[in-house]
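Data first, discussion second: the structure below is written as structure tokens.
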DNA sequence: CATAATTTGTCCGTATGTATC
DNA sequence: GGATACATACGGACAAATTAT
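Chains as they are written, first to last, in the numbering used here: chain A, 1 to 246; chain B, 247 to 492.
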């Protein structure tokens with residue numbers, strides 16, 4: 001690794017990546033493959049450096065990036081740990097709806113429906129073939145005692161075998177990681193204001209035509225593949241969605 | 247600086263900051279104070295290191311952070327430059343509304359109204375006294391040929407003297423920086439779905455009661471003070487707001 | 001067009017401080 | 001207190017990109 005072909009050649013190859021990024025990729029892959037599991041401590045920086053035959057500084061830079069991506073957590077004096085999808089992290093990274101006059105809070109969930117079958121639209125969003133089997137989960141979420149979010153979650157059935165026959169917990173991303181080895185790395189959301197239809201209005205306890213915030217999320221696994229498509233309809237009369245621009 | 251009092255004492259002071267962060271603060275202050283202006287090249291890393299009597303690696307780490315915060319831009323072989331609020335940056339960092347079936351685009355603006363006076367609500371948002379003078383700018387913005395955003399922008403009059411008597415350009419953050427020495431560093435937005443009122447509906451060409459996306463933004467200067475409060479009402483029938491979760 | 005100078009990017013190695021067990 | 005781990009700081013060597021000569 002130290003005397004990488006990329007560096008020896010006069011010209012860098014087209015697909016050249018810096019050494020620290022190659023190291024990063026190796027470490028990410030170990031997490032994605034479950035070699036190092038959620039919450040587990042990584043080997044120390046000098047150990048990783050010795051194993052991969054790079055300098056400690058290079059490992060440090062790779063871990064710096066992974067820390068910035070929320071893939072690992074570093075604790076001085078203790079070690080570096082694979083980030084867990086615990087409630088606190090989900091709350092800050094993936095749940096952006098906050099009660100207007102109160103603090104951040106993890107919503108309860110009630111499952112309405114869980115089916116599997118053909119769903120061309122969802123399959124397209126998830127990058128599957130039109131006829132690949134898709135799981136569809138409908139649920140309603142409660143914030144500060146009020147039904148607040150109605151959401152439909154679509155998943156590639158192939159990645160989550162047996163999910164239909166299982167109790168579905170509140171924290172889905174933890175379930176994906178712990179039970180199916182699918183770790184969500186990041187997600188991209190598209191927001192619109194829409195009018196409530198009859199069925200939606202009934203679930204959320206609002207009038208038909210009332211404005212709702214529609215959040216269309218595509219979530220990606222650590223290897224950058226789309227693995228969840230989620231559409232949430234949110235009441236925003238007593239809550240708001242936060243977005244920080246930096 | 248090298249033999250900082252913080253380091254000599256056996257115990258770190260309560261308000262201790264790492265050296266590279268102290269360096270960062272000095273450099274940020276120079277940008278905030280206009281010593282180094284937008285687009286200007288900074289001295290080279292070894293020069294800054296020599297001037298502040300720290301090692302080049304420490305300056306490098308300070309600049310790394312500032313790069314991550316979009317305060318400076320580094321270009322290999324050329325130098326490090328103070329980030330400009332040019333259209334491209336505004337478009338990616340601060341304008342999150344994208345046409346559904348097209349690419350990112352910088353919206354046109356038409357000023358409806360520009361007044362100054364007492365405004366307790368805006369003053370409170372901006373951290374001013376209730377009776378401090380506030381500038382209020384109303385404008386309407388066009389995306390893909392369609393009136394799309396109706397927004398009200400509130401500013402502390404004390405920071406923007408003479409703004410009322412001036413032509414107001416499309417790119418406000420550039421104006422703040424170039425003409426008034428106020429650089430926006432980051433912003434925080436709260437989103438809700440609301441129903442259009444009569445006046446709003448007329449401006450945006452929709453029916454009364456139609457759902458609109460209400461974006462409530464507080465923007466902060468480099469020294470972390472709130473300097474702009476902006477409420478935007480957006481049509482989202484042919485556009486959407488994007489938010490990346492990482 | 002070729003070369004040199006400048007600047008950031010990458011990589012390396014060491015020493016010391018701080019937190020935890 | 002000692003051992004271990006990460007955090008900080010330092011400084012140097014070479015590569016890559018750009019600009020000036």
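All C-beta atoms, glycine included, are put in the ideal place defined by N, C-alpha and C.
Host beta strand (DSSP E) of residue 326 of chain B (start-end) = As a first step, residue 326 of chain B must be located in the second chain, where it is residue number 80. From DSSP, the beta strand (DSSP E) with residue 326 of chain B extends over 325 to 328.
task = Enumerate, from N- to C-terminal direction, the unbroken alpha helix (DSSP H) stretches of 4 or more residues contained entirely within the segment 343 to 419 of chain B.
result = 366 to 371
inquiry  = Going by DSSP in three states, residue 463 of chain B sits in which element: helix, strand or coil?
reply    = Counting from one through the second chain, the residue named residue 463 of chain B turns up at place 217. Under the three-state reduction of DSSP output, residue 463 of chain B falls in the strand class.
query = Out of B:459, B:379, B:463, which has the shortest C-alpha to C-alpha gap to residue 472 of chain B?
reply = Numbered from its first residue, the second chain carries residue 472 of chain B at position 226. Here the closest residue by C-alpha is B:463.
ask   = In chain B, what lies closer than 9 Å to residue 18 of chain A by C-beta?
value = For the purposes of this step, residue 18 of chain A is identified with residue 18 of the first chain, where counting begins at 1. Under the 9 Å cutoff, chain B gives no residues; its nearest Cβ is about 12 Å from residue 18 of chain A.
key: Distance between residue 180 of chain A and residue 93 of chain A (C-alpha atoms, nearest Å)   = The residue given as residue 93 of chain A occupies position 93 in the first chain. The residue given as residue 180 of chain A occupies position 180 in the first chain. Computed Cα separation, rounded: 21 Å.
query = Who are the near neighbours of residue 73 of chain A in its chain, counting only those whose CB is closer than 6 Å to its CB and skipping five residues on each side?
reply = As a first step, residue 73 of chain A must be located in the first chain, where it is residue number 73. These residues qualify, in order along the chain: 81, 83.
task = Rank A:91, A:156, A:109 by C-alpha distance to the C-alpha of residue 117 of chain A and give the top, closest one.
result = Here residue 117 of chain A refers to the residue found at position 117 of the first chain. Of the candidates A:91, A:156, A:109, the one whose C-alpha sits nearest the C-alpha of residue 117 of chain A is A:156.
query = With burial defined as no fewer than 16 other Cβ atoms inside 10 Å of the residue's Cβ, what is the status of residue 492 of chain B: buried or exposed?
reply = Numbered from 1 along the second chain, position 246 holds the residue referred to as residue 492 of chain B. Residue 492 of chain B should be labelled exposed.
ask   = Would residue 406 of chain B pass as a contact of residue 372 of chain B if the rule is Cβ separation under 9 Å?
value = Stepping through the second chain from its first residue, residue 406 of chain B is reached at position 160. Stepping through the second chain from its first residue, residue 372 of chain B is reached at position 126. Cβ atoms of residue 406 of chain B and residue 372 of chain B: not closer than 9 Å.
query = Does the segment 188 to 207 of chain A touch the segment 49 to 58 of chain A, meaning 3 or more C-beta pairs lie closer than 8 Å?
reply = no
key: Bridge partner(s) assigned by DSSP for residue 241 of chain A   = One-based indexing of the first chain puts residue 241 of chain A at position 241. The partner list for residue 241 of chain A (beta bridge, DSSP) reads A:97, B:437.
ask   = Just curious, the beta strand (DSSP E) that residue 56 of chain A is in, first and last residue?
value = Taking the first residue of the first chain as position 1, residue 56 of chain A is located at position 56. No beta strand (DSSP E) holds residue 56 of chain A; the alpha helix (DSSP H) holding it covers 56 to 68.
ask   = Roughly how many angstroms lie between the CA atoms of residue 271 of chain B and residue 173 of chain A, to the nearest whole one?
value = Here residue 271 of chain B refers to the residue found at position 25 of the second chain. Here residue 173 of chain A refers to the residue found at position 173 of the first chain. Whole-angstrom Cα-Cα distance: 38 Å.
inquiry  = Taking beta-carbon pairs under 7 Å, can you tell me which members of the segment 426 to 441 of chain B lie near chain A?
reply    = If you check each beta-carbon in the segment 426 to 441 of chain B against every beta-carbon of chain A, the ones closer than 7 Å belong to 432, 433, 434, 435, 436, 437, 438, 439, 440, 441.
message = To the nearest angstrom, how far is the alpha carbon of residue 455 of chain B from that of residue 390 of chain B?
response = Residue 455 of chain B sits at position 209 when you count from the first residue of the second chain. Residue 390 of chain B sits at position 144 when you count from the first residue of the second chain. Separation of residue 455 of chain B and residue 390 of chain B (C-alpha to C-alpha, rounded to the nearest whole angstrom) is 23 Å.
inquiry  = For residue 468 of chain B and residue 139 of chain A, what's the separation of their Cα atoms in angstroms?
reply    = Residue 468 of chain B sits at position 222 when you count from the first residue of the second chain. Residue 139 of chain A sits at position 139 when you count from the first residue of the first chain. Computed Cα separation, rounded: 42 Å.
query = Candidates A:55, A:78, A:77, A:45: which alpha carbon is nearest residue 63 of chain A's?
reply = Numbered from its first residue, the first chain carries residue 63 of chain A at position 63. Residue 63 of chain A has its Cα closest to that of A:45, out of A:55, A:78, A:77, A:45.
ask   = Taking the continuous alpha helix (DSSP H) assigned at residue 46 of chain A, which residues delimit it?
value = As a working note, residue 46 of chain A is residue 46 in the first chain. Per DSSP, residue 46 of chain A belongs to the alpha helix (DSSP H) from 45 to 52.
query = With residue 287 of chain B and residue 325 of chain B assumed to form a contact (beta carbons below 8 Å), what rounded beta-carbon distance in angstroms separates them?
reply = As a first step, residue 287 of chain B must be located in the second chain, where it is residue number 41. As a first step, residue 325 of chain B must be located in the second chain, where it is residue number 79. Residue 287 of chain B to residue 325 of chain B, Cβ: 4 Å. Contact.
request  = List the DSSP bridge partners of residue 184 of chain A.
outcome  = Indexing the first chain from 1 puts residue 184 of chain A at position 184. DSSP output for residue 184 of chain A lists A:221 as bridge partner(s).
key: Below-9 Å beta-carbon distance, residue 237 of chain A vs any chain B residue   = Translated into positions along the first chain, residue 237 of chain A becomes position 237. Closer than 9 Å: yes.
query = Is there at least one Cβ from chain A nearer than 9 Å to residue 412 of chain B's Cβ?
reply = In the second chain, counting from the first residue as 1, residue 412 of chain B sits at position 166. Not closer than 9 Å to any Cβ of chain A, the Cβ of residue 412 of chain B fails to qualify, so no.
message = Using beta carbons (cut-off 9 Å, strictly below), is residue 174 of chain A in contact with chain B?
response = Position 174 of the first chain, counted from the first residue, corresponds to residue 174 of chain A. Residue 174 of chain A does not count as touching chain B.
key: Assigned exposure category for residue 119 of chain A - 16 Cβ within 10 Å defines buried   = Within the first chain, residue 119 of chain A is the residue found at index 119, counting from 1. Counting Cβ neighbours within 10 Å, residue 119 of chain A comes out buried, since at least 16 surround it.
message = Tell me the DSSP secondary structure of residue 458 of chain B in three-state form.
response = Working through the second chain from its first residue, we reach residue 458 of chain B at position 212. The answer is strand: DSSP assigns residue 458 of chain B an E or B state.
query = Of all Cβ atoms in chain B, is any one closer than 9 Å to the Cβ of residue 210 of chain A?
reply = On the first chain, residue 210 of chain A is found 210 positions in, with the first residue counted as 1. Residue 210 of chain A has a beta carbon lying within less than 9 Å of a beta carbon in chain B.
Beta-carbon separation (whole angstroms), residue 486 of chain B vs residue 190 of chain A, contact threshold 8 Å = On the second chain, position 240 is the one that residue 486 of chain B refers to. On the first chain, position 190 is the one that residue 190 of chain A refers to. Yes, residue 486 of chain B and residue 190 of chain A are in contact; Cβ-Cβ is about 4 Å, under 8 Å.
Supposed contact pair residue 415 of chain B and residue 421 of chain B - C-beta distance, whole angstroms, cut 8 Å = Sequence index remark: in the second chain, residue 421 of chain B carries index 175 (1-based). Sequence index remark: in the second chain, residue 415 of chain B carries index 169 (1-based). Yes, they are in contact, since the Cβ atoms of residue 421 of chain B and residue 415 of chain B sit about 6 Å apart, within 8 Å.
inquiry  = So, at 7 Å on beta carbons, what are the nonlocal neighbours of residue 4 of chain A in its own chain, with the 5 sequence-adjacent residues on each side left out?
reply    = The residue labelled residue 4 of chain A in the question sits at position 4 within the first chain. Reliability fails at residue 4 of chain A, whose pLDDT of 40 lies under 50, so the model's placement of it is uncertain and no value is given.
key: Alpha-carbon to alpha-carbon, residue 228 of chain A and residue 121 of chain A   = Start at 1 with the first residue of the first chain, and residue 121 of chain A comes out as number 121. Start at 1 with the first residue of the first chain, and residue 228 of chain A comes out as number 228. Taking the straight line from one Cα to the other gives about 13 Å.
query = Between the beta-carbon of residue 482 of chain B and the beta-carbon of residue 343 of chain B, is there less than 9 Å?
reply = On the second chain, position 236 is the one that residue 482 of chain B refers to. On the second chain, position 97 is the one that residue 343 of chain B refers to. In contact: residue 482 of chain B and residue 343 of chain B (Cβ atoms closer than 9 Å).
ask   = Which word fits residue 395 of chain B, buried or exposed, when buried means at least 16 other C-beta atoms lie within 10 angstroms of its C-beta?
value = Position 149 of the second chain, counted from the first residue, corresponds to residue 395 of chain B. Result: buried.
request  = Run down chain B in chain order and give the residues with a C-beta less than 9 Å from the C-beta of residue 244 of chain A.
outcome  = Counting from one through the first chain, the residue named residue 244 of chain A turns up at place 244. Those are 432, 433, 434, 435, listed as they occur along chain B.
task = State the DSSP-derived secondary structure class of residue 479 of chain B, mapped to helix, strand or coil.
result = On the second chain, position 233 is the one that residue 479 of chain B refers to. Annotated three-state conformation of residue 479 of chain B is strand, per DSSP.
Alpha carbon of residue 137 of chain A to alpha carbon of residue 488 of chain B, nearest angstrom = Within the first chain, numbered from 1, the residue matching residue 137 of chain A stands at position 137. Within the second chain, numbered from 1, the residue matching residue 488 of chain B stands at position 242. Going from the Cα of residue 137 of chain A to the Cα of residue 488 of chain B covers about 24 Å.
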